[in-house]
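Enquirer:
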Amino acid sequence: MSPLLEQFLIEGRDFLEQIGQKLLSLEEDPGNEDIIGEIFRAVHTLKGNSGLFDMPSLTSVVHAAEDLLDRVRDRTMEMNPELTDALLEAMDFVNRLFEDVESRGAIRPEYSAQSADIAVRLRNLLPAREPQAVGLFEEEPSFVEPPADWSWLSRVPDAERLAAYEALAAEPSVFVVRYRPEPECFFKGEDPVLLVRTVPGILVFDITTPEPWPEATALDVYRCNLQFDLVSSASPEEVEHHFRYVRDQTAFYSIPAVALALPSGESGAKTNAPVDDAMIAPIYLEQAQERLETGDLDGLLDLTTTALDMINPALHAASALRWVKRLIEAGAGVAPIEFLIDALSRNVMPDWQSYAGPVDAPQAVAAVAITQAPIEEQASTRSIRDPESARVADDLAKTQIVMLQRPSRPVELAGRLRSVRNVIANLLGAMGETGAVASLDEATHIALDGADAAPLIAFIDGIAFGETAREHIEVPALEPPLALPEAEPREAVLEGASSSVAYSASPPAPQAPASRPAMLDPDAVDPAKRSGEAAGGDRGVRVLKVPQEKVDRLMDLIGEMVVAKNALPYLAARAEDHFGSRDLSREIKSQYAIINRIAEEMQDGIMQVRMLPVGAVFQRFPRLVRDVSRQLGKLVRLVVEGEETEADKNIVESLADPMIHILRNSLDHGLETPEVRRSRNKLEEGRLTVRASQEGDRVLIEIEDDGKGIDPDVVKRKAFEKGLIDEQRLETMTDAEAVQLVFAAGFSTADQISNLSGRGVGMDVVKSSLEKVGGQVQLTSEKGKGTRILLSLPLSMSVSNVMMVHIAGQQYGVPMENVMETVRVAGKDIHVFKEQRTAVLRGRIVPLYDANQLLARDSIPQPNEDGEYAVLVVRIGGQTVGIIVDGFAQTIDVILKPLEGPLACISGFSGSALLGDGSVLLVLNLKELL
Numbered sequence: 000m001s002p003l004l005e006q007f008l009i010e011g012r013d014f015l016e017q018i019g020q021k022l023l024s025l026e027e028d029p030g031n032e033d034i035i036g037e038i039f040r041a042v043h044t045l046k047g048n049s050g051l052f053d054m055p056s057l058t059s060v061v062h063a064a065e066d067l068l069d070r071v072r073d074r075t076m077e078m079n080p081e082l083t084d085a086l087l088e089a090m091d092f093v094n095r096l097f098e099d100v101e102s103r104g105a106i107r108p109e110y111s112a113q114s115a116d117i118a119v120r121l122r123n124l125l126p127a128r129e130p131q132a133v134g135l136f137e138e139e140p141s142f143v144e145p146p147a148d149w150s151w152l153s154r155v156p157d158a159e160r161l162a163a164y165e166a167l168a169a170e171p172s173v174f175v176v177r178y179r180p181e182p183e184c185f186f187k188g189e190d191p192v193l194l195v196r197t198v199p200g201i202l203v204f205d206i207t208t209p210e211p212w213p214e215a216t217a218l219d220v221y222r223c224n225l226q227f228d229l230v231s232s233a234s235p236e237e238v239e240h241h242f243r244y245v246r247d248q249t250a251f252y253s254i255p256a257v258a259l260a261l262p263s264g265e266s267g268a269k270t271n272a273p274v275d276d277a278m279i280a281p282i283y284l285e286q287a288q289e290r291l292e293t294g295d296l297d298g299l300l301d302l303t304t305t306a307l308d309m310i311n312p313a314l315h316a317a318s319a320l321r322w323v324k325r326l327i328e329a330g331a332g333v334a335p336i337e338f339l340i341d342a343l344s345r346n347v348m349p350d351w352q353s354y355a356g357p358v359d360a361p362q363a364v365a366a367v368a369i370t371q372a373p374i375e376e377q378a379s380t381r382s383i384r385d386p387e388s389a390r391v392a393d394d395l396a397k398t399q400i401v402m403l404q405r406p407s408r409p410v411e412l413a414g415r416l417r418s419v420r421n422v423i424a425n426l427l428g429a430m431g432e433t434g435a436v437a438s439l440d441e442a443t444h445i446a447l448d449g450a451d452a453a454p455l456i457a458f459i460d461g462i463a464f465g466e467t468a469r470e471h472i473e474v475p476a477l478e479p480p481l482a483l484p485e486a487e488p489r490e491a492v493l494e495g496a497s498s499s500v501a502y503s504a505s506p507p508a509p510q511a512p513a514s515r516p517a518m519l520d521p522d523a524v525d526p527a528k529r530s531g532e533a534a535g536g537d538r539g540v541r542v543l544k545v546p547q548e549k550v551d552r553l554m555d556l557i558g559e560m561v562v563a564k565n566a567l568p569y570l571a572a573r574a575e576d577h578f579g580s581r582d583l584s585r586e587i588k589s590q591y592a593i594i595n596r597i598a599e600e601m602q603d604g605i606m607q608v609r610m611l612p613v614g615a616v617f618q619r620f621p622r623l624v625r626d627v628s629r630q631l632g633k634l635v636r637l638v639v640e641g642e643e644t645e646a647d648k649n650i651v652e653s654l655a656d657p658m659i660h661i662l663r664n665s666l667d668h669g670l671e672t673p674e675v676r677r678s679r680n681k682l683e684e685g686r687l688t689v690r691a692s693q694e695g696d697r698v699l700i701e702i703e704d705d706g707k708g709i710d711p712d713v714v715k716r717k718a719f720e721k722g723l724i725d726e727q728r729l730e731t732m733t734d735a736e737a738v739q740l741v742f743a744a745g746f747s748t749a750d751q752i753s754n755l756s757g758r759g760v761g762m763d764v765v766k767s768s769l770e771k772v773g774g775q776v777q778l779t780s781e782k783g784k785g786t787r788i789l790l791s792l793p794l795s796m797s798v799s800n801v802m803m804v805h806i807a808g809q810q811y812g813v814p815m816e817n818v819m820e821t822v823r824v825a826g827k828d829i830h831v832f833k834e835q836r837t838a839v840l841r842g843r844i845v846p847l848y849d850a851n852q853l854l855a856r857d858s859i860p861q862p863n864e865d866g867e868y869a870v871l872v873v874r875i876g877g878q879t880v881g882i883i884v885d886g887f888a889q890t891i892d893v894i895l896k897p898l899e900g901p902l903a904c905i906s907g908f909s910g911s912a913l914l915g916d917g918s919v920l921l922v923l924n925l926k927e928l929l
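Numbering (numbering that gives the first Met the number 0) for the sequence shown: 0 to 929.
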């Protein structure tokens, strides 16, 4: 996979995530224009970026979604649940396409039909389009002129033009497009070739270069120097709609279908060239003229067919005869055939432009007609009554001035002038000052003709400060443009392009406009200082995306270093005790202090890199709750708190599946339908709360609902029916103990299997998946009031806190998350009941296990001089037990490594850790041992 495609997938998923969140927010506030704009920009950027790759299945769906959002944005449509569902479904499909590209490198062909179906369903939601609203040319005039002649058609192979004419059938005219992409279009995520390839009804096309190619050493491969001319059989409305986003780069016009009849071949016709053997024989021309005069087209067809059989098909004359035959068969009439034969008799190419007369191009103008508006019609944002709107309009106008004053090469200036012109035209429309658009166009044309932004800046200056444009156009006292270096390094160009693609979903941060004296007085600002500010002021947030495996590798190395530096105190002691070098010992200790400080800072730093807010997982839940609650016919409000709480990336990601299952359980089993809640004197809308917080070195996640709670009697009955408990246990079990049965494997209270529940794969999987990452789960429920589930997980899995204990003369580690307390129990207080040693601790009977027996050691635990045994009280699987060990040692932080090779099959150990003196500490897996 290419780096560019990989970057596109990363950014595309970010866009999809943003779009999904904003759509749900918009459903809560349908009239929020800011949210609508953000969604539209994200979809538009996603569509533009997809144009860099050949993914028509993806582009067509995103394009249809963009059209829908465009209608929502211009208030032609209103957001509703049906529209939200359709857009969310479309974004889900795009995400599946991303996964396909990621796994296979390309989108499978079978997705094409599904893509087309989704695109059609999206477009079916569009209201009927008004004819005058198709192109919106009044707001965005074209600056590309139609060609002065139609000679470009002669560059299209004769066979292609013949096929195109045949496809047109009896159509008298055909729609033609000239498309000249902006030189910097690649940096905007546009793909001109893809845009042309996907034109509806395209018949023939030609590609040329509007400017001569430079020398190879001066060639800029990232600058587009292409011009497309094409003929389409689709309706003008369809073609114009296809090019609506590059309207200022296109010209539309119509030509007669017979204009495709341009003979070609060897010894082709040339103006004023003498007749040669390759020309049509005079006898054919004479007989053809006779048949045309009498209107005998059938006779002319026979004559032409006979002549074709007798001539070399590669010659120009043969091509001419083929066109005569094609025009007769198509029923073109006498006039065009006579015009073609007349041109052939004079050995010139037929001038179909003169035959057609004035071009039928109502929209083939280069720009709107320019008329000067009276001075009193000049616009000013001061005319806006709302102070806030006036301020926003002022800021927008000033920002355009700053953009125009920024240094640019001539090739960039034209595109910048047109872009600013469109922004100001929209602003004038919003202000109701449509009469000033003519003056805007005049200023734009003056700026384009002179390759100088001063006239347009002066016009905008009048809008922002209430002065007339005409005065400024006459006396443009403006800051001269800054000089640019001859060329920028290729790396700088690429970095800029990457940044523009990466952050184009968000609106650009408004730049502080220069003060008014600086705009009017070139000496008001020191150029050197201004250049320095420009270089240092435009600093956005720098984000470096690094694959997780690289971060994990760095974290492992830092962990190894943390362990390795712990050996230095041991070496210092050896230097003093065994070699009698106190000075060396002191130096080692001094260096250890420095290395220890650096190692701890590095460990903290890499931990911060891996820390993610739990909101990264929580943001999936609004969509889940919305979809499931609508499916179940329930009204549910999701409340999320503490989403800024941070934990290790692996911990955060491990929360996703368990929490999704818990939320689905709450929605399916816990929260009631509006009718049931109303009958129980509850609000019709249920409340589902997800709350995150940090407590010490653990992160706590609380999921709480105000539903019907868990009925312990139902749980007991279901557990008994499934054989999870016997009849005696059924009678003696408390309600609190019964509720915990939901964690039993295969337990489910659902009577029917659905896509939400009833399969018996439930809370036991949640519990086991959390325990794998050192987590715990607690559940409390009150019948009729709701259920609360508390998840507790370590902040990080990289550093493990363990307690060291002595067993049979060796040291072992026990994870601190299992340890409740350490006690000394007198031998006389240990009793045996049904072959199980027990002791009463804090009023509760606690079973005791000999650590030597658990590890299959021959030793027996040794009491101290007071006859007391060391007991490590731990909590495993919700039960409290005691482990009899030989003694306790300190608590330390270690880098826990899983056992590998032949030792990997030993389930009694969680892993191993390297201590500072070089010894290995085995960490016990008490759940497996017990």
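Note that CB positions come from ideal geometry on N, CA and C, so glycine has one too. Note that the coordinates shown come from a computational prediction; the quantities given were computed from them, not determined experimentally.
Curious, which full-length beta strand (DSSP E) runs of at least 3 residues does the segment 632-665 contain?
Expert: Fully enclosed beta strand (DSSP E) runs of 3 or longer: 635-640, 645-647.
Enquirer: If you reduce the DSSP assignment to three classes, tell me which class residue 912 lands in.
Expert: In this structure, residue 912 counts as strand in the three-state DSSP scheme.
Enquirer: Any idea what DSSP makes of residue 255, helix, strand or coil?
Expert: Three-state DSSP puts residue 255 in a strand.
Enquirer: Since I believe residue 253 is in contact with residue 172 (beta carbons under 8 Å), could you give me their beta-carbon distance rounded to a whole number of angstroms?
Expert: Contact holds; Cβ gap of about 5 Å.
Enquirer: What is the DSSP secondary structure of residue 263, reduced to helix, strand or coil?
Expert: Residue 263 falls in the coil class under three-state DSSP.
Enquirer: Which of the three DSSP states is assigned to residue 131 in this structure?
Expert: Low per-residue confidence applies at residue 131: pLDDT is 37, beneath 50, and the placement is therefore not dependable, though the value from the model is reported in the following sentence. It is helical.
Enquirer: DSSP has residue 195 in a bridge; who is on the other side?
Expert: Paired residues: none, contrary to the question.
Enquirer: What would DSSP say about residue 49, mapped onto helix, strand or coil?
Expert: It is helical.
Enquirer: Does the beta-carbon of residue 221 have 16 or more other beta-carbons within 10 angstroms, so that it is buried, or is it exposed?
Expert: Classification of residue 221: exposed, given that the 10 Å Cβ count is below 16.
Enquirer: For residue 855, I'd like the list of residues in its chain whose CB is within less than 7 Å of its CB, leaving aside the five on either flank, ordered along the chain.
Expert: Within the same chain, residue 855 has no close Cβ partners at all.
Enquirer: Roughly how many angstroms separate the alpha carbons of residue 845 and residue 879, rounded to a whole number?
Expert: Distance between the alpha carbons of residue 845 and residue 879: 6 Å.
Enquirer: Excluding five sequence neighbours on each side, which residues of the same chain lie with their C-beta closer than 6 Å to the C-beta of residue 134?
Expert: For residue 134, the predicted structure reports a pLDDT of 36, less than 50, and the residue's modelled location is therefore unreliable. The matter cannot be settled from this model.
Enquirer: Quick one: measure Cβ to Cβ for residue 723 and residue 740, integer angstroms, because I've assumed they're closer than 8 Å.
Expert: At roughly 7 Å, the Cβ-Cβ gap stays under 8 Å, so residue 723 and residue 740 are in contact.
Enquirer: Could you tell me which whole beta strand (DSSP E) segments of length 3 or greater appear in the segment 584-625?
Expert: For the segment 584-625, whole beta strand (DSSP E) runs of length 3 or above, ordered along the chain, are 610-612.
Enquirer: Under a Cβ-count criterion, where at least 16 other Cβ atoms within 10 Å of its own Cβ denotes burial, should residue 212 be classed as buried or exposed?
Expert: Under this definition residue 212 is an exposed residue.
Enquirer: If you measure between the beta carbons of residue 554 and residue 598, is that distance less than 8 Å?
Expert: Taking 8 Å as the Cβ cut-off, residue 554 and residue 598 do not qualify as a contacting pair.
Enquirer: Is DSSP giving residue 164 helix, strand or coil here?
Expert: Helix, per DSSP.
Enquirer: DSSP beta-bridge partners for residue 688?
Expert: Paired residues: 638, 703.
Enquirer: Taking the C-alpha atoms as reference points, what is the distance between residue 640 and residue 613?
Expert: So the two alpha carbons sit approximately 10 Å from each other.
Enquirer: In three-state DSSP terms, what is residue 808?
Expert: Looking at residue 808 - three-state DSSP - the assignment turns out to be coil, as it is neither helix nor strand.
Enquirer: If you pair each beta-carbon of the segment 579-599 with each one of the segment 623-636, do three or more pairs fall below 8 Å?
Expert: Contact fails: fewer than three Cβ-Cβ distances are below 8 Å.
Enquirer: Within the same chain, show all residues whose beta-carbon is closer than 6 Å to that of residue 583, passing over the 5 residues directly before and after it, in chain order.
Expert: Excluding positions up to five away in sequence, the list reads 574.
Enquirer: What did DSSP end up calling residue 248 once you bin it into helix, strand or coil?
Expert: Of the three classes helix, strand and coil, the one that applies to residue 248 here is helix, per DSSP.
Enquirer: Could you tell me the alpha carbon to alpha carbon distance between residue 33 and residue 419, rounded to whole angstroms?
Expert: Approximately 21 Å, taken between the alpha carbons.
Enquirer: Would you tell me roughly how many angstroms separate the C-alpha atoms of residue 315 and residue 299, rounded to the nearest one?
Expert: Their Cα atoms are separated by approximately 19 Å.
Enquirer: When you compare each of 38, 232, 348 to residue 170 by their alpha carbons, which one comes out closest?
Expert: Comparing Cα positions, the closest option is 232.
Enquirer: What is the rounded straight-line gap between the Cα of residue 263 and the Cα of residue 194?
Expert: The straight-line gap from Cα to Cα measures roughly 29 Å.
Enquirer: Give the DSSP-derived three-state secondary structure of residue 145 in the structure shown.
Expert: Three-state result, residue 145: coil.
Enquirer: When the Cα atoms are used, what is the spatial distance from residue 52 to residue 83?
Expert: Cα-Cα distance, rounded: 27 Å.
Enquirer: What residues match up with residue 780 in a beta bridge as DSSP calls it?
Expert: 786.
Enquirer: Considering only the beta carbon of each residue, do residue 326 and residue 336 sit closer than 8 Å?
Expert: Yes, the pair counts as a contact, with Cβ atoms nearer than the cut-off.
Enquirer: Suppose contacts are defined by Cβ-Cβ distances below 8 Å. Is residue 205 in contact with residue 143 by that definition?
Expert: Result no, Cβ atoms of residue 205 and residue 143 do not sit closer than 8 Å.
Enquirer: Measure how close the beta-carbons of residue 838 and residue 881 come, nearest whole angstrom, since I'm counting them as under 8 Å.
Expert: At roughly 7 Å, the Cβ-Cβ gap stays under 8 Å, so residue 838 and residue 881 are in contact.
Enquirer: Is the Cβ-Cβ distance between residue 696 and residue 794 less than 8 Å?
Expert: Cβ atoms of residue 696 and residue 794: closer than 8 Å.
Enquirer: Taking one C-beta from the segment 911-922 and one from the segment 796-816 each time, how about it: are there three or more such pairs within less than 8 Å?
Expert: Touching, yes, given that three or more Cβ pairs across the two stretches are closer than 8 Å.
Enquirer: Residue 295 by DSSP, collapsed to three states: which one?
Expert: Here residue 295 sits in coil by DSSP.
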